[in-house]
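Below is one structure, written out as structure tokens; the observations come after it.
In the numbering used here, the protein residues as written are 194 to 301.
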């Protein structure tokens, strides 16, 4: 099929390209069956929030991270520090960040 003058696919081509979507969803369910988490629900909004934080010049605020149920730190967190280390110690610095955040959660 050719594209129309506006650069979009003709309608029948778009319909034919959607056939794989239901099959893809079924395949995902077969490989990764839907499951509830192993912990009981709490209905506490704080425990339901996730954040992705980064501070390349130092630690991200552990107190700020303690406001969320899940905190994800970008690989470049503390980069100014770990990039100077020989060998570089990015993973160790991320663990240091996680421990500081965990401690802040206990005090929160």
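Even glycine gets a Cβ: it sits at the ideal position worked out from N, Cα and C.
Strand pairing of residue i, partner residues [DSSP]
i           : result
residue 263 : 243
Residue environment, residue i, which counts as buried when at least 16 other CB atoms sit within 10 Å
i           : result
residue 300 : exposed
residue 236 : exposed
residue 195 : Caution is warranted here: a pLDDT of 48 is assigned to residue 195, below 50, making its placement in the model unreliable, and the coordinate value is therefore given only provisionally. By the 10 Å Cβ count, residue 195 comes out exposed.
residue 208 : Only weak support exists for where residue 208 lies, its pLDDT of 48 falling under 50; the coordinates are left without a value.
residue 305 : Any property of residue 305 remains undetermined from this structure, which presents the chain solely from 194 to 301.
residue 232 : exposed
residue 290 : buried
residue 212 : Bear in mind that the predicted position of residue 212 carries a pLDDT of just 49, short of 50, making it unreliable; the figure below should be weighed with that in mind. When all chains shown are included, residue 212 counts as exposed.
residue 296 : exposed
9 angstroms Cβ cutoff met for residue i and residue j
i           : j           : result
residue 270 : residue 253 : yes
residue 262 : residue 242 : yes
residue 245 : residue 267 : yes
residue 255 : residue 294 : yes
residue 251 : residue 284 : no
residue 249 : residue 277 : no
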